[in-house]
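Colleague: Just so we're on the same page, our numbering is the position in the sequence shown counted from 1, plus 16. Glycine residues also receive a C-beta, built at the ideal position from the N, C-alpha and C atoms. Please read these numbers as outputs of a predicted model, since none were measured by experiment. After the structure tokens below, expect a handful of questions from me.
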Amino acid sequence: MDDRQRLSRRRFLQTMAASGAIAATDLAWWEDPLLSPRKAYGASPVRFQFSVPEPLRISLVESLVDRFNKSQSEYEVKVEFVPQAQARQKLITSVTAGNPPDCCQVWDNWLGEFNGMGALEDLTDRIKAWKYYATTVPTAWQTVTLKDRIVSLPLALTNDAIFVRTDRAKEYGLKMPTFDWTTEDFLTLAKGFTKPDKNQYGFGLRGGGTWAVLYATEFMYGNGAQVLKDGKVVINSPEAVAAFEWYVDLIRKWKVTPPSAPTDAYRQIVEGFGRGVTSMYLHNSGSVEEQKKFVGPANFATLPIPIGPAKTRASFFFSETLTMLKGAKNKDGAWKFMTWMMDDEQHYQYCKTLGLLPTRQNLAERPPYTEAAYAGFVKSFPFSIVSPYLAYPGWGGKLDSEGVPLFQQAFVGQLTPKQCLDKFAEMLTKNMM
């Protein structure tokens, strides 16, 4: 990196700090790798592919890579940023051609497919000897374990919780629920928030994208539903159907959702809450920092998913992973970089900056995870489970192409909840591979 590049990045970081995109108090940490040139030469290169190259992530990853490269002289990481929409296919192409990166950042729902290609390095022995193995949340290991083989390091976790506008609850004299609230409490609060004449609705239900299926399923689990039981698809059980009928009624009977709910996706539910159109929505912690800017940290909180009629609840865990490829040319360098990224300071800064959850309890006890904005996610750890839809690689794309349209048809009344789940269960059963 020459002096002009270094100066340009420092100015960019200072602009982000001034706009609130990164905390001003963290600016020195971000700038530190830029203050002196790299001193080591001739180091062994490590290729690292990273997806989601939006400005904040690019600066964060570049800062981390610079720190690693200056922390030792044996290896030099060269990061390759790939647009998210192209990352999976680029990785498949490079694996097929026998020239994959040494390591990459991918999501846990990609692992089954790449494992089926024989593309993933078995890290079980390395990881079980790693200093943080025992203190990592067990569920995090479940997200990266395939047939008793650990194939990745869990870089960050997400689970789901309910965002609630505390300022609006106060404005309308509504009682804020406690962490052990129920689906009845949820519906009562949603009704109290709903003022159609003011274009205000209780719940920003997501009808678009994969998570339209996942969020609905989480509510079904509160009624004792499961996706799989004894190796069979049972998402169309009476318990699941009853819970899904209740969920669809939020749109069709109680009308506590915006009229656009059947097609609203990530951006719509996040911005709807930020603009005051909705007063609750279900999402992961990735939008916490955004809501701090939209509505202010004092004006919202997060709560765990409410307890359902079966006196239970579930939040689905996903992980963003650091994964080594079997065809890597520098496995020792990749391992050293991956484990360095998981050391306390780097792991904490990565998760905190992006509003994601760390995989070790001691880090979850630091700010900002002690704030009300993160409480719903931290309190959900005891009943968070690996998404049941990760059970079969063949389900991945089908959730989008076939599952989401079925759920949307139920949301608009073209299918009954039972018809929807029967068709959905049939689709899952056909793709158990």
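Is the distance from the Cβ of ALA135 to the Cβ of PRO116 below 8 Å?
Modeller: Cβ distance < 8 Å, so ALA135 and PRO116 count as in contact.
Colleague: Could you say which of ARG83, ALA281, ALA317, GLY324 lies nearest to TRP45 if we only look at CA atoms?
Modeller: Looking at the Cα atoms, ARG83 is the closest of the given residues.
Colleague: Would you check if the distance between the CB atom of ALA330 and the CB atom of TYR237 is smaller than 8 Å?
Modeller: Contact: yes.
Colleague: Roughly how many whole angstroms lie between the Cα atoms of VAL428 and PHE219?
Modeller: Taking the straight line from one Cα to the other gives about 16 Å.
Colleague: Out of curiosity, what's the CA-to-CA distance linking VAL98 and LEU338?
Modeller: Answer to the nearest angstrom: the Cα atoms are 15 Å apart.
Colleague: Given a cut-off of 8 Å on the beta-carbon distance, is the pair THR279 and GLN425 in contact?
Modeller: No. Outside cutoff.
Colleague: The beta strand (DSSP E) spanning SER79 covers which residue range?
Modeller: No beta strand (DSSP E) holds SER79; the alpha helix (DSSP H) holding it covers 71-87.
Colleague: Cutting at 7 Å between CB atoms, please list the residues of its own chain near VAL93, excluding the five before and the five after it.
Modeller: If we look at VAL93 and ignore the five residues flanking it on each side, its Cβ neighbours are VAL62, PHE64, VAL81, PHE84, ASN85, PHE353.
Colleague: Excluding five sequence neighbours on each side, which residues of the same chain lie with their C-beta closer than 8 Å to the C-beta of GLU96?
Modeller: ARG63, PHE64, GLN65, PHE66, PRO117.
Colleague: If I'm right that LEU322 touches TRP197 with Cβ under 8 Å, what's the distance once you round it to whole angstroms?
Modeller: The amino acid occupying residue 322 in the given sequence is Pro; Leu does not appear at that position. Correct: roughly 5 Å between the Cβ atoms.
Colleague: With C-beta atoms as the reference, is VAL249 less than 8 Å away from THR233?
Modeller: Cβ atoms of VAL249 and THR233: not closer than 8 Å.
Colleague: If you count every other CB in all the chains shown that lies within 10 Å of the CB of GLY312, and 16 or more means buried, which is it?
Modeller: When all chains shown are included, GLY312 counts as exposed.
Colleague: Would the stretch 356-375 and the stretch 179-189 be scored as touching if the rule is three or more Cβ pairs under 8 Å?
Modeller: The stretch 356-375, when compared against the stretch 179-189, does not touch it at the 8 Å Cβ threshold.
Colleague: Out of curiosity, what's the CA-to-CA distance linking VAL286 and ALA59?
Modeller: About 44 Å.
Colleague: Going by other Cβ atoms of all chains shown within 10 Å of its Cβ, with 16 needed for buried, is TYR231 buried or exposed?
Modeller: It counts as buried.
Colleague: For my contact list, MET443 and LYS414 are in at a C-beta cut-off of 8 Å; report their separation, rounded to the angstrom.
Modeller: Between LYS414 and MET443 the Cβ distance is about 6 Å, and since that is below 8 Å, they are a contact.
Colleague: Helix, strand or coil for TRP157? Go by DSSP, reduced to three states.
Modeller: Correct three-state label for TRP157: helix.
Colleague: Checking 8 Å against the spacing of the C-beta atoms, do SER303 and THR159 come in under that value?
Modeller: No. Outside cutoff.
Colleague: Does the structure place the stretch 135-154 close enough to the stretch 295-302 that three or more beta carbon pairs sit under 8 Å?
Modeller: No: fewer than three Cβ pairs fall under 8 Å.
Colleague: Could you tell me which of ALA388, CYS119, PHE397 sits nearest to THR152, measuring between CA atoms?
Modeller: Among ALA388, CYS119, PHE397, the Cα nearest to that of THR152 belongs to PHE397.
Colleague: What are the boundary residues of the beta strand (DSSP E) that includes GLN430?
Modeller: First-last for GLN430: undefined, no H or E at that position.
Colleague: List the residues that DSSP assigns as beta-bridge partners of ILE143.
Modeller: Paired residue(s): none; ILE143 is not in a bridge.
Colleague: Within 10 Å of its beta-carbon, does ALA150 have 16 or more other beta-carbons around it, so buried, or fewer, so exposed?
Modeller: It is exposed - the Cβ of ALA150 has fewer than 16 other Cβ atoms within 10 Å.
Colleague: Which of the three DSSP states is assigned to PHE219 in this structure?
Modeller: Coil.
Colleague: Mind checking whether LEU171 and TYR364 have CB atoms under 8 Å apart?
Modeller: Contact flag unset, no.
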